[in-house]
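Some notes on the structure that comes next.
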């Protein structure tokens, strides 16, 4: 809390008044990183999601989804790693990690349902299969592995996810 207060140029009491605990501050950081702003708009009510829902076919939706995954993970993948690592030692952060994992599952479920309503899919694509494909694509670990481990640029990551979607889902 001291480091955050110093960086913000405010007192520790100000930070504590806004975020009672370190976990609440971490949650606010996660929310900001995912959304890219502090607007109280749920992810499923945001413009990128509306664009994916309005996409005319599976290929267009998946291209938009790859761009969205790049943007979110570009802001949040490293923070997700911090939360995941801290969850093992702190029960309150473990609860935050469980909530984040639930949100990720909901995102994969939403994407699969949205995708299955679009033309242009391989005939073998089921709800469960599409959820698994999205689960891996939106995993912050996938982003970190390809960016840090393989040296892809963010644009290279987006292209990789687009190719992955094409091979796994498109006719």
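Residue numbers (the working numbering): 933 to 1103.
All residues carry an ideal CB built from backbone N, CA and C; glycine is no exception.
No experiment lies behind these values; they were computed from the predicted model shown.
Inset, instruction - Could you tell me which of 1030, 998, 1099, 952 sits nearest to residue 1057, measuring between CA atoms? - result: 1099
Inset, instruction - May I have the straight-line CA-CA distance separating residue 1045 from residue 1082, to the nearest angstrom? - result: 31 Å
Legend entry - DSSP beta-bridge partners of residue 1102: 1053
Inset, instruction - Could you tell me the distance, in whole angstroms, from the CA atom of residue 978 to the CA atom of residue 964? - result: 14 Å
Inset, instruction - Determine the DSSP secondary structure at residue 1072, reduced to helix, strand or coil. - result: helix
Inset, instruction - Specify, as a first and last residue, the run of the alpha helix (DSSP H) that residue 984 falls within. - result: 979-986
Inset, instruction - Given a cut-off of 8 Å, decide if residue 967 and residue 997 are closer than it, judged by their beta-carbon atoms. - result: no
Legend entry - residue 1034 in three-state terms, based on DSSP: helix
Inset, instruction - For my contact list, residue 933 and residue 947 are in at a C-beta cut-off of 8 Å; report their separation, rounded to the angstrom. - result: 5 Å
Inset, instruction - Leaving aside the five residues before and after residue 1068 along the sequence, list all residues of the same chain whose C-beta is less than 7 Å from its C-beta, in chain order. - result: 1074
Legend entry - First through last residue of the alpha helix (DSSP H) which encompasses residue 1115: Within the shown structure, residues of the chain are numbered from 933 to 1103, placing residue 1115 beyond reach of any answer.
Legend entry - Pairwise C-alpha distance: residue 980 and residue 974: 12 Å
Inset, instruction - Determine, using beta carbons only, whether residue 1011 and residue 961 come nearer to each other than 8 Å. - result: yes
Inset, instruction - Compute the Euclidean distance between the alpha carbons of residue 1084 and residue 1078, then round it to the nearest angstrom. - result: 6 Å
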